[in-house]
Ligand code: AMP
């Protein structure tokens, strides 16, 4: 069996991590792990974890490390994660990074590469506030740059498109603040390990994907 490949995708909220992580996971046969999607699912199921997480998410704050860590650790020990994963929205703090390393070490693995999608703050707000997503299948659209064929309806599955509560402008600004304070310092850490690859996330999505693939190709070759 080939060695598992573990890829972190880092960048501010709205940089395109979700879209690109899904495509990379499909291209490299890896499990796409989005802690944001997992948390939103818990909220929509109204589970205990969802109820606990909702308040933080609505404010644009981070959900406590411990809650997210448990979810991640369980998933990583499962069979679906055995070939490797693309981590989208995790880690977001130094403590989460330490936990990821610990769990991967238990599995004789480590983060192989960190892809940094760099997008300036001023572009982020326009991007996120126009974002619409399908709650049924997770497909992502934008009211200006990636419109569905029929307004408000998912091309892939026909379900209605909605705006995430935390994609409202005021919350987006808070999420950016949280990103710069807690998550951006991880870039230095991955850089010092020599595994950080930076890609300009302002380019068109297909172009970004090509560049990310190239950065990945060098690692997986
Ligand atoms: P995302 O879809 O990745 O932008 O995540 C949406 C929201 O879920 C974030 O603003 C946080 O409130 C929460 N969240 C997602 N991932 C994490 C994480 N790794 N740690 C803490 N909170 C998270």
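In the numbering used here, the protein residues as written are 1006 to 1226.
We put the beta carbon where it would ideally sit given N, CA and C, even for glycine.
Bear in mind the structure is a predicted one, so any value in this text is a computation, not a measurement.
Taking 8 Å as the upper bound for CB-CB distance, residue 1124 and residue 1220 are not in contact here, some 16 Å apart. Excluding residues up to 5 positions away in sequence, 1087, 1088, 1089, 1114 lie with their Cβ nearer than 7 Å to the Cβ of residue 1009 in the same chain. It is roughly 30 Å from the alpha-carbon of residue 1044 to the alpha-carbon of residue 1222.
Taking residue 1041 as the centre and dropping the five residues before and after it, the same chain places the C-beta of 1094 closer than 7 Å to its C-beta, in chain order.
Judged by beta-carbon spacing, residue 1108 lies beyond the 8 Å limit of residue 1200, meaning their Cβ atoms are not closer than that value. Here residue 1082 carries a coil assignment [DSSP, helix/strand/coil]. Cβ contact annotation for residue 1164 (same chain, cutoff 8 Å, sequence separation greater than five): 1139, 1140, 1141, 1142, 1158, in chain order. For residue 1010, no alpha helix (DSSP H) encloses it; the enclosing beta strand (DSSP E) starts and ends at 1010 to 1015. In the three-state scheme derived from DSSP, where H, G and I count as helix and E and B as strand, residue 1089 is classed as strand.
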